[in-house]
Amino acid sequence: MSKRSAAITVTNLNSKKAKHWSLGLLESMKDPESVVKRTKQTVVIKDKYPKAKIHYLVLPQDDINSIYKLDKSHIKLLEEFGDVFKDIQNETDLPLRAGFHAVPSMQRMHMHIISTDMVSPCLKTKVHWNSFTTKHFRPYADVLEELKEKGCIEKMSPELHKSLMSTELQCNQCSYKPKNMPQLKEHLLTHQK
DNA sequence: GTTCTAGAAC
DNA sequence: GTTCTAGAAC
81 MSKRSAAITV
91 TNLNSKKAKH
101 WSLGLLESMK
111 DPESVVKRTK
121 QTVVIKDKYP
131 KAKIHYLVLP
141 QDDINSIYKL
151 DKSHIKLLEE
161 FGDVFKDIQN
171 ETDLPLRAGF
181 HAVPSMQRMH
191 MHIISTDMVS
201 PCLKTKVHWN
211 SFTTKHFRPY
221 ADVLEELKEK
231 GCIEKMSPEL
241 HKSLMSTELQ
251 CNQCSYKPKN
261 MPQLKEHLLT
271 HQK
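In terms of the numbering used here, the first sequence opens at residue 81 and continues consecutively.
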């Protein structure tokens, strides 16, 4: 047995089985350091790796895995998400957007509330950028409307998702098309007052 | 979702 | 030679 595999074996024997990363939001919902506020049906937490100056997540207290589990019985719940958005917008002068990722990575339905500056050290990759600035970001109002109209939320095809993630970089505030992520991040600073 | 890093791009 | 991106992670 090599030194490397022996070390891994010892580590695994000594540590409890790690929870999968995709369950992380459920842990954050129970962590007082993360929780910003609670309402009757929601919990608001700080995003652990904020992609803008303000970045919160709104989650249902009930065990709903994603927007694709919603039906017409959840319209009241979703409207409460809208109330939370209004309340948080009223707490800051920074313009905010609220919406859901069409293909989320983390379990438990969650709505992003994020400021439009997109200035953050945690914003690093093209996938980060395109997740929030292409049709992969489904605005709150659109999701509420679709739920009211259709009684459910339609999934995005893997093909469209892949194509959105590889969209060329485009500034969210002007027509500038940066060559790469460092250029985009530098450019975003110029939009600040 | 993040971290790490090989090798592409410059 | 350095910067940057993209794919594996058992």
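Just so you know, even glycine gets a beta-carbon here, dropped at the ideal spot from N, CA and C.
Check: Through-space distance from Y256 to M189, alpha-carbon basis; Outcome: 33 Å
Check: Length of the line joining the Cα atoms of A98 and G104; Outcome: 11 Å
Check: Whole-number beta carbon distance between T119 and V164, since they are thought to touch under 8 Å; Outcome: 6 Å
Check: For A98, three-class secondary structure by DSSP; Outcome: coil
Check: Close Cβ partners of E234 (< 8 Å) along its chain, the five nearest in sequence each way excluded; Outcome: E226
Check: The segment 193-201 contacting the segment 119-134, beta-carbon criterion three pairs below 8 Å; Outcome: yes
Check: Residues that L240 bridges to, as DSSP identifies them; Outcome: Bridge partners of L240: none, in fact.
Check: Close beta carbons around S200, own chain, < 8 Å, minus the five adjacent residues each side; Outcome: P130, K131, A132, K133, H135
Check: Integer-rounded CB distance, given that Y148 should sit under 8 Å from A178; Outcome: Between Y148 and A178 the Cβ distance is about 18 Å, and since that is not below 8 Å, they are no contact.
Check: Cβ-based neighbour list, Q253, same chain, cut-off 6 Å, excluding 5 preceding and 5 following; Outcome: H271
Check: Contacts around N145, its chain only, beta-carbon distance under 8 Å, and the 5 residues preceding and following it disregarded; Outcome: Q187, R188, M189
Check: Per DSSP, the bridge partner or partners of G179; Outcome: H192, P219
Check: First through last residue of the alpha helix (DSSP H) which encompasses K206; Outcome: 206-213
Check: Separation of L244 from T214, as counted between CA atoms; Outcome: 7 Å
Check: N-terminal and C-terminal residue of the alpha helix (DSSP H) that K120 is part of; Outcome: Premise fails: K120 is in no alpha helix (DSSP H) and is neither H nor E.
Check: Separation of E229 from K156, as counted between CA atoms; Outcome: 14 Å
Check: Closest Cα partner of L150 within the set P238, E239, C232, K166; Outcome: C232
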